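**Student:** Residue numbers (our numbering): 157 to 229.
Don't be surprised by glycine CBs; every beta carbon is placed ideally from N, CA and C.
Given the structure is predicted, the values throughout are model-derived calculations rather than measurements.
Written out as structure tokens, the structure reads:
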């Protein structure tokens, strides 16, 4: 069995490889040549995760100058 975080890591890896194969110029356009940033968010409805929490998490991606943590939401 795989954990959600392992599955998430595999999906990120496979999608980045496929995108770079199909669009090699994309790598030059991205900061550090990486499609995905480190980390990610995995949650379930049982954890109390809802659409608004996910919207807030996405909206705050890429903010600089402060470390965002899940308990900020």
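1. To the nearest angstrom, report how far apart residue 186 and residue 196 are at their CA atoms.
2. Following the continuous alpha helix (DSSP H) through residue 190, name the residue where it begins and the one where it ends.
3. With DSSP collapsed to three states, give me the class of residue 203.
4. Are at least three pairs of beta-carbons, each pair with one atom in the region 167-180 and one in the region 188-205, less than 8 Å apart?
**Tutor:** Looking at the atomic coordinates:
1. 18 Å
2. Unbroken run through residue 190: none, as it is neither H nor E.
3. helix
4. yes
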